[in-house]
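Chains as they are written, first to last, in this note's numbering: chain A, 3 to 205; chain B, 12 to 247. Cβ atoms here follow ideal geometry from the backbone N, Cα and C, with glycine treated the same way.
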Ligand code: SF4
Ligand code: SF4
């Protein structure tokens with residue numbers, strides 16, 4: 003799930019505030035951690051994520067909480083370090099025994115760990131894409147489509163949304179909602195996608 | 012997935028939704044090209060069709076069901092003892108300790124992002140990695156498809172199935188990292204007829220450091236500045 007280590011378009015110069023938070027119960031502990039993952043969902047929701055698992059499918063926040071034991075995972079996107087530092091602090095206070103993974107610039111994670119007096123446990127590092135890369139769309143399109151780790155956001159949908167925004171038939175805000183909808187894990191970043199749409203439609 | 016032509020009014024609204032371009036206009040009909048569709052479920056879940064003409068079979072037969080197992084994240088995977096598209100890999104490594112400091116995990120994802128792959132391309136990768144003596148992750152849906160662990164041969168009936176992506180996950184000795192990268196990357200570039208996304212999993216030392224970054228930099232191997240980090244909170 004998520005495969006967010008392979009997101010493109012994130013650099014020290016741009017889109018550098020995005021942080022995906024992933025909280026996962028090991029599958030053998032799903033039953034015993036049912037209440038813990040519900041609590042984790044409450045905590046994550048209380049920090050108003052930009053997007054969260056289930057939301058693109060129209061699942062209401064209170065239902066996400068109830069469904070979280072069957073998901074075994076909560077995924078959410080944030081756009082500032084301060085919020086994530088506070089979120090982590092509360093997660094630690096509750097000592098839920100659930101794995102927490104951050105996906106962001108490694109420098110951001112280092113800073114957050116430092117402020118929380120934590121050390122990183124395991125890294126997932128992308129070397130990028132090889133093979134027939136000529137089959138890939140342009141970089142701007144990829145910076146939207148790679149936000150869905152399962153690659154469910156189609157380049158053709160990006161092209162359609164950009165055309166509609168250019169013609170004035172759709173706002174960039176609504177366009178970002180439509181592009182986030184295929185991603186069931188709820189990790190397409192609405193704020194960032196809106197910004198990329200505006201850049202693409204204006205260019 | 013298929014389109015019920017008696018309900019379809021040919022508005023074409025569904026067409027851009029398909030990540031692999033399987034929804035096409037054919038003569039006077041809009042169709043889902045069955046050989047291209049990877050059964051990801053996106054067109055159905057998006058609820059775009061005004062007439063509910065996009066239909067899902069009640070039960071997809073084997074071996075076609077393998078497409079959904081590898082492509083649809085909302086799919087449950089009981090039917091052929093396949094349990095999800097990938098493993099929990101590093102996400103729960105603070106519980107499982109599957110990756111230790113003297114190992115490196117490789118995740119080789121064929122077809123991603125958005126190109127798709129036939130499983131015969133996956134077989135090439137599994138055979139290559141097998142010939143290099145790796146251990147494959149057992150809780151990955153690729154594992155039950157391997158019928159001969161000495162050669163990396165996959166079940167023959169699945170080879171022509173198309174999926175959105177398939178991930179071969181395996182571990183190598185930490186000391187073998189560079190030799191694996193230098194043998195595998197040219198193989199992917201020259202022998203694989205789709206895109207291949209490669210990532211590494213590295214367990215940190217007690218100070219939260221890994222030497223992999225320096226080693227990659229020293230050898231001019233590019234890596235993304237962003238990635239996933241398990242914070243080890245499950246055991247605190
Ligand atoms: S199920 Fe997925 S691959 Fe098949 S037609 Fe629908 S969107 Fe395309
Ligand atoms: S959205 Fe429905 S009616 Fe329109 S082309 Fe697709 S299947 Fe036909």
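Item	Value
Closest Cα partner of residue 108 (chain A) within the set A:83, A:30 and A:89	A:83
heavy atom of ligand 1 below 7 Å from residue 172 (chain B) C-beta	no
Residue-level contact to chain B via CB, residue 26 (chain A), 8 Å cutoff	yes
Interface partners of residue 78 (chain A) on chain B, CB under 8 Å	The premise fails here: residue 78 (chain A) is roughly 14 Å from chain B at the closest Cβ pair, so nothing lies under 8 Å.
Status (buried if at least 16 other CB within 10 Å, exposed otherwise) for residue 169 (chain A)	exposed
Closer than 9 Å at the beta carbon, the chain A residues around residue 223 (chain B)	125 and 127
Whole-angstrom C-beta distance between residue 145 (chain A) and residue 24 (chain A), which should lie under 8 Å	Residue 24 (chain A) to residue 145 (chain A), Cβ: 20 Å. No contact.
Integer-rounded CB distance, given that residue 46 (chain A) should sit under 8 Å from residue 54 (chain A)	7 Å
Beta-carbon proximity of residue 202 (chain B) to residue 163 (chain B), cut-off 8 Å	no
For residue 90 (chain B), the three-state DSSP class (helix, strand or coil)	Per-residue confidence for residue 90 (chain B) stands at a pLDDT of 42, beneath the threshold of 50, marking its modelled position as unreliable; the derived number appears in the next sentence. Residue 90 (chain B) falls in the coil class under three-state DSSP.
Local Cβ density within 10 Å of residue 246 (chain B), reported as buried at 16 or more and exposed below that	exposed
Contact check, residue 159 (chain A) vs residue 27 (chain B), beta carbons under 8 Å	yes
beta-carbon residue 12 (chain B) near ligand 2 non-hydrogen atom, thresh 7 Å	no
CA nearest to the CA of residue 158 (chain B), picked from B:134, B:212 and B:172	B:134
Contact belief for residue 128 (chain B) with residue 205 (chain B) at Cβ below 8 Å, rounded distance in angstroms	4 Å
Own chain residues within Cβ distance below 6 Å of residue 111 (chain A), not counting five before or after	104
Buried versus exposed, by CB contacts within 10 Å (16 or more), residue 18 (chain B)	exposed
Test item: CB-CB of residue 33 (chain B) and residue 43 (chain B) under 8 Å	yes
Extent of the continuous alpha helix (DSSP H) to which residue 134 (chain B) belongs	130-142
Any C-beta of chain B under 8 Å from that of residue 86 (chain A)	no
Partner residues on chain A for residue 190 (chain B), Cβ-Cβ distance less than 7 Å	What residue 190 (chain B) touches in chain A: nothing, since even the nearest Cβ is about 15 Å away.
Per-residue DSSP class, three states only, for residue 149 (chain B)	coil
Residues sharing a beta bridge with residue 157 (chain B), DSSP	B:165
Alpha helix (DSSP H) segment containing residue 42 (chain A), residue limits	36-48
Chain A contact for residue 93 (chain B) (CB, 8 Å cutoff)	For residue 93 (chain B), the predicted structure reports a pLDDT of 37, less than 50, and the residue's modelled location is therefore unreliable. A value from the coordinates is still provided. Residue 93 (chain B) does not count as touching chain A.
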